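Residue numbers (my numbering): 3 to 138.
Rendered as structure tokens:
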């Protein structure tokens, strides 16, 4: 009985994570199977750090995460956090300026990583528009 209950709780947690972030990494699914309590604690910390705070809205918190992730060279993570920032109401211009701001303390590679992620989003957007317009 407890295993079924834990399974439902695990699925609910994964659903919540997917909804909050807009994506779900395979490593999180694995961790939720192996140590669901740790996954829940991790998710609580994530939500505390990257959702609306008392003074900073979630999109601004995402800008901070994007800058740090770009500095660390984590292009895939930058891409995912840029997508989340857009879902939270950020504009591509705001994200660009956040990446530009991160370049001063982080250097040129920080800018390059951030720009590649942002360019990927722009390319996806353009492909989607072309598909919607159809052949000419």
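Even for Gly, the Cβ is constructed at its ideal location relative to N, Cα and C. On a predicted model such as this, the values are computed, not experimentally measured, just so you know.
| Pairwise C-alpha distance: residue 124 and residue 135 | Counted from its first residue, the chain shown places residue 135 at position 133. Counted from its first residue, the chain shown places residue 124 at position 122. So the alpha carbons of these two residues sit roughly 17 Å apart.
| said: Going by beta-carbon coordinates alone, are residue 52 and residue 72 separated by less than 9 Å? | reply: Along the chain shown, one-based indexing puts residue 52 at 50. Along the chain shown, one-based indexing puts residue 72 at 70. Inclusion of residue 52 and residue 72 in the CB contact set at 9 Å is not warranted, their separation being larger than that value.
| request: State the Cα-Cα distance for the pair residue 24 and residue 32, rounded to the nearest angstrom. | output: Counted from its first residue, the chain shown places residue 24 at position 22. Counted from its first residue, the chain shown places residue 32 at position 30. Cα to Cα, residue 24 sits roughly 18 Å from residue 32.
| query | Which term fits residue 93, buried or exposed, when burial requires 16 or more other beta carbons within 10 angstroms of its beta carbon? | reply | On the chain shown, position 91 is the one that residue 93 refers to. Burial call: exposed.
| message | Assuming the contact rule is C-beta atoms closer than 8 Å, residue 69 and residue 108 should be a hit. Round their C-beta distance to whole Å, please. | response | Translated into the one-based positions of the chain shown, residue 69 becomes position 67. Translated into the one-based positions of the chain shown, residue 108 becomes position 106. Residue 69 to residue 108, Cβ: 7 Å. Contact.
| Looking at the structure shown, is residue 98 part of a helix, part of a strand, or coil, going by DSSP? | One-based indexing of the chain shown puts residue 98 at position 96. Residue state, collapsed to three classes: helix.
| field | residue 27 versus residue 82 - alpha carbon distance | value | Taking the chain shown and counting its residues from 1, one reaches residue 27 at position 25. Taking the chain shown and counting its residues from 1, one reaches residue 82 at position 80. Distance between the alpha carbons of residue 27 and residue 82 is about 10 Å.
| Alpha-carbon spacing of residue 99 relative to residue 112, whole angstroms | In the chain shown, the residue the question calls residue 99 occupies position 97. In the chain shown, the residue the question calls residue 112 occupies position 110. In a straight line, the C-alpha of residue 99 is about 13 Å away from that of residue 112.
| query | Three-state secondary structure (DSSP) at residue 137? | reply | Residue mapping note: residue 137 aligns to position 135 of the chain shown, counting from 1. In the structure shown, residue 137 sits in coil (DSSP, three-state: anything other than H, G, I, E or B).
| query | Looking at C-alpha atoms only, which residue of 15, 50, 22 is the closest neighbour of residue 42? | reply | Translated into positions along the chain shown, residue 42 becomes position 40. Comparing Cα positions, the closest option is 15.
| query | Just the Cα atoms here: how many angstroms apart are residue 46 and residue 86? | reply | Walking along the chain shown from the start, residue 46 turns up at place 44. Walking along the chain shown from the start, residue 86 turns up at place 84. If you draw a straight line from the Cα of residue 46 to the Cα of residue 86, it is about 17 Å long.
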